[in-house]
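Undergrad:
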Amino acid sequence: MSLSENEQKNLEKAQSVIGRAKWYMDFLGIWPFERTSWKDIKFTILTIFFIIHMITKYIDLIEVFGNIGLTVENFSETGFQSVILIRMLSLRIDKKLQKLLTITFEDVDMKNYKNDDEKRVFIKYHLFLYKYLIIGQFITLSSITYWHFKQIPPYIASRFTNESVLLLPPYRIRVPFDTSPLNRIIFIYIIELPIIYLCNIYILTITLQGLIVLNVCTQLGLLGNRMKIYFSYKNENKTITEDNFFKNHVDKHCQLISIVRDMDRIYYTQLFFELLQFTILLALITYIFTVLLSMGDVIGMISLGIYCGCMLMWIFIPCYLGECLLTEVDNLRETYYQCLSYTMSIDDKKKLLICMAIVDKPLHITAGGFYIYTLNSFLMIIKSSMAYVSILR
Numbered sequence: 001m002s003l004s005e006n007e008q009k010n011l012e013k014a015q016s017v018i019g020r021a022k023w024y025m026d027f028l029g030i031w032p033f034e035r036t037s038w039k040d041i042k043f044t045i046l047t048i049f050f051i052i053h054m055i056t057k058y059i060d061l062i063e064v065f066g067n068i069g070l071t072v073e074n075f076s077e078t079g080f081q082s083v084i085l086i087r088m089l090s091l092r093i094d095k096k097l098q099k100l101l102t103i104t105f106e107d108v109d110m111k112n113y114k115n116d117d118e119k120r121v122f123i124k125y126h127l128f129l130y131k132y133l134i135i136g137q138f139i140t141l142s143s144i145t146y147w148h149f150k151q152i153p154p155y156i157a158s159r160f161t162n163e164s165v166l167l168l169p170p171y172r173i174r175v176p177f178d179t180s181p182l183n184r185i186i187f188i189y190i191i192e193l194p195i196i197y198l199c200n201i202y203i204l205t206i207t208l209q210g211l212i213v214l215n216v217c218t219q220l221g222l223l224g225n226r227m228k229i230y231f232s233y234k235n236e237n238k239t240i241t242e243d244n245f246f247k248n249h250v251d252k253h254c255q256l257i258s259i260v261r262d263m264d265r266i267y268y269t270q271l272f273f274e275l276l277q278f279t280i281l282l283a284l285i286t287y288i289f290t291v292l293l294s295m296g297d298v299i300g301m302i303s304l305g306i307y308c309g310c311m312l313m314w315i316f317i318p319c320y321l322g323e324c325l326l327t328e329v330d331n332l333r334e335t336y337y338q339c340l341s342y343t344m345s346i347d348d349k350k351k352l353l354i355c356m357a358i359v360d361k362p363l364h365i366t367a368g369g370f371y372i373y374t375l376n377s378f379l380m381i382i383k384s385s386m387a388y389v390s391i392l393r
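In terms of full-length UniProt numbering, the sequence shown opens at residue 1 and continues consecutively.
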């Protein structure tokens, strides 16, 4: 059955993920492929700017440490932006990650999909990634923009009532000059504008990570479908036109296992750092939210509520990717057992048993090499954060 008009549109959307990520990152010089001298210069300037920005934030964190309100306010920015800097540098510098992305880009080419059913498997996973990218970019960009300018409305309101107040910087930073004059603080707001753009990098880098994982899930699904077709043709005594079917099948499966393991080696330190940061941050922000609730601070509650929603979205994606990976491995294993029958030739049984032995090797996304990401892990992270909130209260 051919693709419907709606499915064709969804296929085009699913294919556009790489192009969208590339355009955004290429503008900043972060895209690791098709590099030029101008892009390298842009990336160098951007990295130096970001590192200086982070130094000012960590200096402020050291100075306010002990004041839980100011510490949470600083750490909610510093923790997330540290994650962005690490992911940005990893994408641009790590050759192993670039190799995995190259393999993934080759796999998502439509010439590798033999029929419309295989394209539907592609749509199933990559359309989710498209939606996550669009929604994630919108929510993250909106929340970061709000966060950047959140000090301005109260300042304007105070000026209308003739109150003498200072306009605070957009982020918790420590600069080596007095920022109380209005022209200086406006300069700070302008020079910090690139941070809004940079904060969207997290969604893009995790989208590329998701592209690698969901491509593996897609390929596992295709292996299962092709195995079913192979044995259905055999049972119907049809001619098998594809030579070396099992060899190609096993080679592809081994390549997918290698991709997942290489990806785990690349990301396990980053994911552990993010897991630790986001779990603590979620607890601290929830605690501050309860304090603001008791004080009746509506604006503060909205600000923290938006940030908390973004954080849950960031925590959810690796858990979802890990669950998809486990599900497809289980589906492929089930396919092998369904294909196994007493009427098979001895040769086919031996080949299928080799495939069954390979699929028993677990494929996981882990943080630190020990914490396995699944949807159940998502609930456990939230429960852990709530436990920390109980301790703080």
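Built from N, CA and C at the ideal position, the CB exists for glycine as well.
A quick note: this is a predicted structure, and the numbers were derived from the prediction, not measured.
Which one or two residues does DSSP pair with I372 in a beta bridge?
TA: The partner list for I372 (beta bridge, DSSP) reads T366.
Undergrad: Put W31 into one of helix, strand or coil per three-state DSSP.
TA: In this structure, W31 counts as coil in the three-state DSSP scheme.
Undergrad: Could you tell me the distance, in whole angstroms, from the CA atom of L127 to the CA atom of H148?
TA: Taking the straight line joining both Cα atoms gives about 31 Å.
Undergrad: If I measure Cβ to Cβ from D178 and keep anything under 8 Å in the same chain, skipping five residues before and after, which residues do I get?
TA: Within the same chain, D178 has close Cβ partners R184.
Undergrad: Using only CA atoms, which one of T47, E73, T44 lies nearest to K57?
TA: The shortest C-alpha separation from K57 is found at E73.
Undergrad: Taking the straight line between their C-alpha atoms, what separation do you get for A357 and Q151?
TA: Taking the straight line from one Cα to the other gives about 60 Å.
Undergrad: Could you work out which residue in K111, C319, H364 is closest to L375 when comparing CA atoms only?
TA: Nearest of K111, C319, H364 to L375, Cα basis: C319.
Undergrad: If you reduce the DSSP assignment to three classes, tell me which class V175 lands in.
TA: Correct three-state label for V175: coil.
Undergrad: Taking only three categories from DSSP, how would you classify Y151?
TA: Reading the sequence as shown, one finds Gln at residue 151 and not Tyr. Three-state result, Q151: coil.
Undergrad: Whose CA, out of I51, I196, K119, T366, lies closest to the CA of E7?
TA: If we check each option's Cα against that of E7, K119 comes out closest.
Undergrad: Using 8 Å as the threshold, is the C-beta distance between S385 and T279 below it?
TA: Yes, they are a contact pair.
Undergrad: Going straight from the alpha carbon of T239 to that of F246, what length do you get?
TA: Residue confidence is low: T239 scores 49 on pLDDT, short of 50, so the model does not pin down where it sits. Its coordinate-derived value is still stated next. The straight-line gap from Cα to Cα measures roughly 16 Å.
Undergrad: Does DSSP put residue 394 in a helix, in a strand, or in coil?
TA: The structure shown has nothing for residue 394, since the chain only spans 1 to 393.
Undergrad: Can you tell me whether C199 is buried or exposed, with buried defined as 16 or more other CB within 10 angstroms of its CB?
TA: C199 comes out buried.
Undergrad: Going by C-alpha distance, which of T44, G309, L214 is nearest V108?
TA: Closest by alpha carbon: L214.
Undergrad: Note the first and the last residue of the continuous alpha helix (DSSP H) segment covering P181.
TA: First-last for P181: undefined, no H or E at that position.
Undergrad: Which residue from C217, I203, E34, N225 puts its Cα closest to that of K114?
TA: Of the listed residues, the one whose Cα sits closest to K114 is N225.
Undergrad: State the Cα-Cα distance for the pair L11 and K124, rounded to the nearest angstrom.
TA: So the alpha carbons of these two residues sit roughly 9 Å apart.
Undergrad: Does the beta-carbon distance from V83 to Y202 come in below 8 Å?
TA: Yes.
Undergrad: Can you tell me the Cβ-Cβ gap for Y171 and E77, rounded? I've got them flagged as a contact below 8 Å.
TA: So it is a contact: roughly 5 Å between Cβ atoms.
Undergrad: Under 8 Å Cβ to Cβ from I18, same chain only, skipping five residues before and after it: list those, please.
TA: Within the same chain, I18 has close Cβ partners F105, V108, L211.
Undergrad: Keeping to the same chain, check which residues put their C-beta closer than 6 Å to that of Y373; ignore five residues upstream and five downstream.
TA: These residues qualify, in order along the chain: P318, C319, G322, I365.
Undergrad: Can you tell me which of the three DSSP states Y113 falls into?
TA: In this structure, Y113 counts as coil in the three-state DSSP scheme.
Undergrad: Can you grab the Cα-Cα spacing for the pair S2 / E334, in whole Å?
TA: Computed Cα separation, rounded: 27 Å.
Undergrad: Buried or exposed: which applies to R32, given that a residue is buried once 16 or more other Cβ atoms fall within 10 Å of its Cβ?
TA: Checking the displayed sequence, the identity of residue 32 turns out to be Pro instead of Arg. Counting Cβ neighbours within 10 Å, P32 comes out buried, since at least 16 surround it.
Undergrad: How long is the line joining the alpha carbons of S143 and M295, rounded to whole angstroms?
TA: Taking the straight line from one Cα to the other gives about 23 Å.
Undergrad: So what's V108 in DSSP terms, helix, strand or just coil?
TA: DSSP places V108 in coil when its eight states are reduced to three.
Undergrad: Thinking just about the alpha-carbon of each residue, which of K42, R87, E5, D26 is nearest to the one in L271?
TA: It is R87 whose Cα lies nearest to the Cα of L271.
Undergrad: For V389, which residues from the same chain have a beta carbon less than 8 Å from its beta carbon, with the 5 sequence-adjacent residues on both sides left out?
TA: Taken in chain order, the residues that qualify are A283, T286, Y287, T290.
Undergrad: Since M301 and L293 should fall inside the 8 Å C-beta cutoff, what is the C-beta to C-beta distance between them, to a whole number of angstroms?
TA: Their Cβ separation, rounded to whole angstroms, is 6 Å, which keeps M301 and L293 in contact under 8 Å.
Undergrad: If you drop the 5 nearest sequence neighbours on each side, which residues of the same chain put their C-beta closer than 7 Å to that of F316?
TA: Answer for F316: F378, listed in chain order.
Undergrad: Quick check: what's the CA-CA separation for H53 versus I173?
TA: The alpha-carbon atoms of H53 and I173 are separated by roughly 8 Å.
Undergrad: Have a look at T218 and C339 and give me their C-alpha separation to the nearest angstrom.
TA: Approximately 20 Å, taken between the alpha carbons.
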